[in-house]
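Numbering (this note's numbering), first residue to last: 30 to 266. The C-beta atom is built at its ideal place from N, Cα and C for all residues, glycine as well. Remember, predicted model here, so these are calculated numbers, not experimental data. Structure first, commentary second.
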Ligand SMILES: [Zn+2]
């Protein structure tokens, strides 16, 4: 079990998670996601504090901090005073996550099969929403999700899809499959995809629109051969 914590206004927020290989979640992501879930009104301020963790800082953690928090430091162990506060709940709150929170943003397969990709993209443009699809090697649609970050800033379309996939399958994104998205993945989603693919030599992330923001330049997918922009979105589902 690994721990992530931060201190804000004299109060300790902490989360624990035992990460499985290919799981799109870590102690750090649980802390950030959990604070957005439990303190939506003040999460933005709380997450300006430095996050500490005794877990390895993965690309998922790094990307999530870039997008949803500020700074992170990895420590070899949890300081005694912090441990004591956690154990005795002294000015300390344990935060948790609920997998189901994001599942409202996962579309049913039947609905997804009945719409044409092009019309979905037009709709996404109008609503300024973001949508993504996981497509198997042979072209079968495995999962699809939309952005629901209005409620929890970590609930980007790709994160929703990855969490749902893990919840349902508990395995990596299969080799040979593609993740197609309407907007280039941000550093958080890029980090999560990076950690969760079965093979980085046999996976493709295709996006329609480039993200003009500065944060995306720190995406682990930038410059990697996994990422490709589609000028013509001609993938029949
Ligand atoms: Zn994202």
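Same chain only: Cβ atoms within 7 Å of residue 39, ignoring 5 sequence neighbours per side: Excluding positions up to five away in sequence, the list reads 120.
Residue 218 beta carbon near ligand 1 (any heavy atom closer than 7 Å): The closest heavy atom of ligand 1 lies less than 7 Å from the beta carbon of residue 218.
Buried versus exposed call for residue 252 [16 or more other C-beta atoms within 10 Å across all chains shown]: That one is exposed.
Residue 219 and residue 53 closer than 8 Å at C-beta: The Cβ-Cβ distance between residue 219 and residue 53 does not fall below 8 Å.
CA-to-CA distance, residue 164 to residue 246, given in whole angstroms: Going by the C-alpha atoms only, they are around 26 Å apart.
Expected contact under 8 Å - CB spacing of residue 86 and residue 103 to nearest Å: The beta-carbon distance between residue 86 and residue 103, rounded to whole angstroms, is 5 Å. This is short enough to meet the 8 Å contact definition.
Heavy atom of ligand 1 within 7 Å of residue 27 beta-carbon: Since the displayed the chain opens at 30 and closes at 266, residue 27 lies outside it and no answer follows.
Coarse secondary structure for residue 46, derived from DSSP in three states: Residue state, collapsed to three classes: strand.
Backbone secondary structure at residue 112 - three-state DSSP: In the three-state reduction of the DSSP assignment, residue 112 falls in the helix class.
The stretch 58 to 73 / the stretch 92 to 106 touching (three or more Cβ pairs under 8 Å): Touching, per the Cβ criterion.
Buried versus exposed, by CB contacts within 10 Å (16 or more), residue 71: Taking a 10 Å sphere around the C-beta of residue 71, we find fewer than 16 other C-beta atoms and assign the residue as exposed.
Residue 80 - partner residues in DSSP beta bridges: Answer is 101, bridged to residue 80.
Residue burial classification, residue 174 (beta-carbon count within 10 angstroms, cutoff 16): Flag for residue 174 reads buried.
8 Å contact criterion, which residue 34 and residue 81 should meet: CB distance rounded: Sure, about 6 Å apart at Cβ, within 8 Å.
For residue 160 and residue 122, the rounded distance between their alpha carbons: If I take the Cα positions, the gap works out to 34 Å.
Environment of residue 57 [buried if 16+ CB atoms lie within 10 Å]: Counting Cβ neighbours within 10 Å, residue 57 comes out buried, since at least 16 surround it.
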